[in-house]
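Below is one structure, written out as structure tokens; the observations come after it.
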Amino acid sequence: MALRMVMGNEAAVQGALAGGCDFYAGYPITPATEILEEMGRRLPPRGGVFLQMEDELAAMAAVVGAAWGGARAMTATSGPGFSLMQEHIGYAAITQTPCVVIDVQRGGPSTGLPTLPAQGDVMQARYGTHGDRPAIVLTASSVREAYTTTRKAFQLAERHRTPVVVLLDAVIAHMREPVELPPLPEPALNPWPGSSGTEPPFGAHPFTPFGGPSPIVVTGLSHGEDGWPRTGAGQATERMLKDAIAGIAEDPSLTQGVERYCMDDATVAVVAYGITARAAHAAVETLRAEGERAGLLKLDVLWPLPEAALLEAAEQVDGLLVVEMNLGQLVMPVRAVVGGRTHVAHLGRADGLLLSPDVIARRLQALTASVRS
Amino acid sequence: MPRFGESVDRYLRRELLPTVWCPGCGNGSIVQALAMALARIGREPEDVVVVGGIGCSGRTPFYLATNALHTTHGRALAFATGLKLARPDLEVVVTSGDGDSLAIGGNHFIHAARRNLDVTLLLFNNAIYGMTGGQAAPTTPTGSRTSTSPGSGSTERSFDAVELAMAAGATFVARTTTFDVQEMPLYIERAIRHRGFSMVEIITQCPTYYGRLNRLGEAPAMLVWERDMTGEPSDDQHGWKTGVFRDDDLPAYGDLTGQNSVRTRA
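Chains A and B are the protein sequences, given in the same order. Each residue of the first sequence is one higher than the one before, counting from 1 in this note's numbering. Each residue of the second sequence is one higher than the one before, counting from 1001 in this note's numbering.
Quick look at the structure:
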């Protein structure tokens, strides 16, 4: 292995293939298009299926259909396409279909700023489909993490039988960094474990796609563990959703999805994710050099929100600064979790420009001054 | 040698009868015709997936003893596309209504046809939205009354699904009616055996909405109306032509690229 300059989107593809991805359906959209193109080059020679669909609704539908055919399936898109995929993300959730969606965030709403970065899909990734669902939303703040996070997304989708969203942004996606990525394993037939035909197809059981010993019924209607529609009030779907939500809330690989930087003696800390966490890291280094006790909580999992880590930090510091490229999204649940234990300030922008280390450092200094006074 | 009725029963969930559909609805006739076609073809029920959309037609998969994939409104063909390419060895049949396939799902309809994807679409055309209570559909004939085209009836022109499918590139295209109970299973069988995108449009009666709002009477009268409204392709005097309009042998999607899932290569 050797260091190579790799683009974030390319690393995400490599991570998906390392995670077992063997089916991709997508639609061109800036700044996610390289994922589509790279999958088109790399999947068919590995025996996988690549498909360019007529729109993002169709892409997400094809992903769910392929998953029920036994595939490890994914798609990738950006804001406008992510909006179109929401109905089928909900379908994947209620049918407990493992699959992966990468959303490379760009400025919105609507067509917005097609080539410029944003972090405005944080709430859509969690709440974009109607109804409640167990939401797993991961993020990455480097090209290397674009690889590791996408690979991990396939493991989580399989473990929890639910769609997993990877939120990248236009900078991470298009940035090239020197990384060393492990060679891909040989493509292998990787059957789902739960195809014995003796367990019901839904509930807390391994995923059982079509093609097993007995027919399966799959529906987006409320249904029982046998898959058959139950559409009266008080039916089984609420319990299945609650079980799934509890399952992801207890998964340590999700609840511990936080990196702490200079937190041991910090009196003030930044909460950041994605490309913004890189700038926040530099800001903390600057402040530390100036003798200030600043720290960083870098969130690698946005949903379920790593509440224990946030609470622990809130008990320790005099103030938290949530920094994100939107006009105030993740700051709301952070405030709800912290519940007044410390002051929570927000620094955001949604004009397509990055939040620079200098701006973050100055804002953090202002926060320090205000909580001391 | 089992009697034919017994072999058809293998493909039906009789325990679910009566169906969710209204008395006199034509959809039950289509379920029977599909079961007869599957029995003639003889694939194991677990190797067949019936994919439904949303609406009255979308409930069809529940009545077949095969795998059932009951999807979202208009998108059944998009789900079927992913499924078929992931598991080309499975037989995939889509049941979809005129609103499902030609309004909300029109894009997927033309692109599945264009790709010549090897699935079969049974297009249930009752010329109206039944599940939601009788609204105008893209197939509602001009002048027909619906709950959203009251008074002198729909002022819009209607789609001809057969012409649309052929223009979009479908390689097997047929139309029949629920009156033609002997012809219908034969067309469905040919469509399923066809390699490439096959569509059978089936004119089916909706006595509850289309029939009542347009004073066509109960189901028996509507079947006679279906008979009187249809003619051979050479017949210029009638609204709907029935028959097989295209049966071409062209490469199906995936044949040219050699794309085949790792699951079926192993």
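Built from N, CA and C at the ideal position, the CB exists for glycine as well.
As the crow flies, the alpha-carbon of V63(A) is around 18 angstroms from that of A135(A). In this structure, DSSP gives M5(A) an extended state, which the three-state scheme calls strand. Remark: fewer than three beta-carbon pairs, one from each stretch, lie closer than 8 angstroms, so the region 143-156 of chain A and the region 236-246 of chain A are not flagged as touching.
Within chain B, the residues whose beta carbon sits less than 9 angstroms from that of T219(A) are G1052, P1061, F1062, A1068, L1069, H1070 and T1071, listed in sequence order.
Here V284(A) has Y261, C262, V270, A294, G295 and L296 as same chain residues with Cβ atoms under 7 angstroms from its own Cβ, once five neighbours each way along the sequence are excluded. Each of I1030(B), V1008(B) and G1055(B) was checked against the Cα of H1073(B), and the nearest Cα belongs to G1055(B). The Cβ atoms of S1096(B) and L1121(B) sit closer than 8 angstroms to each other. V1050(B) and F1179(B) have their C-alpha atoms roughly 23 angstroms apart. Closer than 8 angstroms at the C-beta level to chain B, one finds no residue of the region 132-143 of chain A.
Within 8 angstroms of the CB of F207(A), no CB atom of chain B is found; the nearest one sits about 13 angstroms away. Nearest to P1207(B) by alpha-carbon distance, out of A1033(B), M1131(B) and P1138(B), is M1131(B). Under the Cβ criterion of 8 angstroms, E1015(B) is not counted among the residues facing chain A. Ranked by Cα distance from Y1253(B), the first of D1100(B), L1069(B) and A1080(B) is A1080(B). In this chain, E54(A) is not harboured by any beta strand (DSSP E), its DSSP state being neither H nor E. By a beta-carbon distance limit of 8 angstroms, T77(A) contacts M85(A). Their separation comes to about 6 angstroms. Within the region 83-123 of chain A, the complete beta strand (DSSP E) segments of 3 residues or longer fall at 99-107 and 113-117, listed in chain order. A straight-line Cα-Cα distance of about 20 angstroms links T75(A) and G274(A).
Ranked by how close their Cα comes to the Cα of E186(A), the residues S356(A), D300(A), P252(A) and A18(A) have A18(A) in first place. The three-state reading of DSSP puts R1157(B) in coil, since its state is none of H, G, I, E or B.
Of all alpha-carbon atoms in Q316(A), N326(A), M325(A) and R349(A), the one lying nearest the alpha-carbon of R341(A) is that of Q316(A). For R1145(B), the number of other beta carbons within 10 angstroms of its own is at least 16, and it is reported as buried. Taking 8 angstroms as the cut-off, the beta carbon of R4(A) is found closer than this to the beta carbon of P178(A). Contact check between the region 1052-1069 of chain B and the region 200-218 of chain A: three or more CB pairs, one atom from each, fall below 8 angstroms, which counts as touching.
Within chain B, no residue has its beta carbon less than 9 angstroms from that of E199(A); the closest one is some 16 angstroms off. Take V338(A), set aside five residues on each side of it, and the residues of its chain with a beta-carbon closer than 6 angstroms to its own are A314 and V344, in chain order.
For A146(A), there is no enclosing beta strand (DSSP E); the enclosing alpha helix (DSSP H) covers residues V143 to H160. In the displayed model, N326(A) falls within coil according to three-state DSSP, outside both helix and strand. At a beta-carbon threshold of 8 angstroms, none of the residues of chain A lie near P1018(B); the nearest stands roughly 16 angstroms away. With contacts defined by Cβ atoms closer than 8 angstroms, L302(A) and T139(A) form a contacting pair. Under DSSP, V164(A) forms a beta bridge with V100(A) and I136(A). Using a CB distance below 8 angstroms, no part of the region 106-131 of chain A faces chain B.
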